[in-house]
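Numbering (the numbering used here), first residue to last: 740 to 1448. All C-beta atoms in this analysis are idealised placements derived from N, C-alpha and C, irrespective of residue type, glycine included.
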């Protein structure tokens, strides 16, 4: 049967329908007068307030609103709409009087006007946007995690970043515990970790100052039984939701009185334990805790915690891998650096080496003190381009090469030329290796110093305490600083060549005379260059510190490092200090020897008489044999002039020089050979022997220890 819509007896009136729609709306709706007093509320709004409409009508909003910024802000916006007649939207996140949890609200406010257009009331419609708000907050937290977790390659710092991120936005208290092996960069056991587990606390954070909830201090050890939330998460390989009232949780507290007291005192309400796993290995566990007064973790919260833990685990694993590589590189570098400076008579030496901070990686700085023949000494400092294992390995190869070339006793400029050739060859090898695809490490990723990037700087100096002359050559390395005995510091003026590996250009040696007790400072640029100081200012500061140097070189080294490195350097820093000594005239005896075989006996006698003057008569027999062989060899195979020199210091050194560049060779004489046994005899009777070239010929030398007693 059809009913006429205009038949009022068949249908309720329009007012009734509007009233029912208002009252039954699922949207919280209310009407305020212009003085912001309640006029009407629907059933949803009444439930939200926890008070019926009759009890609120006529009361001001502030009489029932929470005394917080959200309540005050809502009241100000209502008055603004009433006074301006303009609609507005207000977003708030607050706890309703009838609820124990906070809600996100989008509230539309609009003026209600009478027939004359005058504002007579303000109406609102509040939409509970909590789910969407929570989703946006979770997404924002994840986005922030991508930029705030893993900013460094430090395991502890990365764990602390995770803890700081989640408190208070996801949890009231959080802890991050890692396996001990992770802290040392070692490879953890693949897969989940079952049973009881012992972890080290590396980070924790709380909404309360001082983190009072913790029962384990930072750096301390915590043991988790198999039924604890942390151990269960590690065994399952996924997040575990737990809390008071759960059997396993209560069993855990029953065995841990300190933890049980903490739970009671701070009324912990909900716990989520998240395993920190990356690349198939378990690194540790993060535990997120909410206290009473906050909603317990729900399914979305647990999923969010798991995602944050996964992202943090990748960053922690990256830091662990870097720690492994950095530790390996540092150990390699320290093993390649001098473990102690060798004893020698030419200089008093001391050194310092400080690697760059962990984020920069181990560099390729090195230094060395190499005893040479004729009581001379070589001082070396160098710097390989780049950082990491590649730089350390290259540094080791260069240091070995320098020592090998120093044994040949090449002049500094020639030595650097040979070293330059070697670096060029290494660059070609690296380039070919890169073309073959060998510049990738399966664990650490691409090698930072790619093919063709091998290069280095080096400074090589030779000091002779007999002549007191020092010869220096540089391959792109900063010049040494010299402190003369009168206290004046200066930079030694050199003509530096290009860095090693450039090739094609010669190196030039600079020779200067050094008074006894001169102090030479060799260094790498990491010592004098910083973000706020260029190399010139750094070298000037080094000279200033040296002018007030202590008589002790060790103390001076410490003073230099403290003055120039106020913070951990961004590049390796090496320092080598050498204070020159000089031999007195009575420690050296020199004779010109005519090229007459008949006068070899006279040479032996000259040496014997000098040994007697020195009180070294016990060494006369061996020394006469050495003098006889070396002088005879120079007369027979060399060219004039011929010179015999004896040096007495920590050892007895015999040298014979001539104008020929032909070096003798040690060989085994056959049964009926008339010669070839002299040098073999010298080698067997002395501690060491050798040949060095000079601009005017060669010198054959032999060294024997001083007699004891």
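| Asked | Found |
| --- | --- |
| Have a look at the DSSP bridge pairing and note the partners of residue 737. | Shown here, the chain extends from 740 to 1448; a query on residue 737 therefore has no answer. |
| Going along the chain, which residues of its own chain have a beta-carbon closer than 6 Å to the beta-carbon of residue 954, five neighbours each way excluded? | 997, 998 and 1001 |
| Do three or more CB pairs link the segment 1294 to 1308 to the segment 1321 to 1340 at distances below 8 Å? | no |
| Using alpha carbons as the reference points, say which of 898, 969 and 984 lies closest to residue 1003. | 984 |
| Terminal residues of the continuous alpha helix (DSSP H) containing residue 1457? | Residue 1457 lies beyond the range of the chain shown here (740 to 1448); nothing can be said about it. |
| Return the first residue and the last residue of the alpha helix (DSSP H) that residue 968 is part of. | 968 to 975 |
| DSSP beta-bridge partners for residue 1216? | None, per the DSSP bridge assignment. |
| Can the beta-carbon of residue 1312 be found less than 9 Å from the beta-carbon of residue 1371? | no |
| Have a look at residue 858 and residue 1033 and give me their C-alpha separation to the nearest angstrom. | 41 Å |
| Suppose you measure from the CA of residue 1017 to the CA of residue 941; what does that come to, to the nearest Å? | 18 Å |
| Can you tell me which residues form a DSSP beta bridge with residue 829? | 846 |
| Per the contact definition of three or more C-beta pairs closer than 8 Å, is the segment 1005 to 1014 in contact with the segment 971 to 983? | yes |
| Closer than 8 Å by C-beta to residue 805: which residues in its own chain qualify, once you throw out the five before and the five after it? Chain order, please. | 833, 834 and 836 |
| Report yes or no: do the segment 958 to 977 and the segment 924 to 935 share at least 3 C-beta pairs separated by less than 8 Å? | yes |
| In chain order, what residues of the same chain lie with their CB nearer than 6 Å to the CB of residue 1194, ignoring the 5 residues before and after it? | 1124, 1238 and 1240 |
| If we cut at 9 Å on Cβ distances, does residue 1280 have a partner in chain C? | Included in the structure is just one protein chain, with no chain C present. |
| Determine which residues share a DSSP beta bridge with residue 799 and list them. | 776 |
| Which residues in the same chain as residue 1273 place their Cβ atom closer than 6 Å to its Cβ, once the five residues preceding and following it in sequence are excluded? | none |
| Do you know offhand how far residue 823's Cα is from residue 817's? | 10 Å |
| Below 8 Å on the Cβ atoms is my guess for residue 1322 versus residue 1204; work out the distance and round it to an integer in Å. | 5 Å |
| Under DSSP, the alpha helix (DSSP H) around residue 1423 begins and ends at which residues? | 1417 to 1424 |
| Which of helix, strand or coil does DSSP assign to residue 855? | coil |
| So for residue 841, helix, strand or coil by DSSP? | strand |
| Under 9 Å, do residue 875 and residue 1043 count as touching if we go by C-beta distance? | no |
| Over the uninterrupted alpha helix (DSSP H) stretch that includes residue 1111, give me the two end residues. | Premise fails: residue 1111 is in no alpha helix (DSSP H) and is neither H nor E. |
| Just the Cα atoms here: how many angstroms apart are residue 1091 and residue 967? | 49 Å |
| Using beta-carbon positions only, say whether residue 1426 and residue 1442 come within less than 9 Å of one another. | yes |
| So for residue 761, helix, strand or coil by DSSP? | helix |
| By Cβ distance below 7 Å, which residues in the same chain neighbour residue 1252 in space, the five residues on each side in sequence not counted? | 1207 and 1208 |
| Can you tell me the Cα-Cα spacing of residue 798 and residue 778, whole angstroms? | 8 Å |
| Let me know the secondary structure DSSP gives residue 1332 once reduced to three states. | strand |
| For residue 1142, is the classification buried or exposed, using 16 other Cβ atoms within 10 angstroms of its Cβ as the cut-off for buried? | exposed |
| Count the C-beta pairs between the segment 1215 to 1235 and the segment 1279 to 1290 that are closer than 8 Å, then say yes if the count reaches three, no if not. | yes |
| Return the CA-CA distance between residue 1146 and residue 1346, expressed in angstroms with no decimal places. | 27 Å |
| For residue 897, collect the residues of the same chain with a Cβ closer than 6 Å to its Cβ; drop the 5 residues on either side in sequence, then sort them by chain order. | 889, 1054, 1055 and 1058 |
| Would you mind sorting residue 1417 into buried or exposed? The rule is 16 or more other CB atoms within 10 Å of its CB. | buried |
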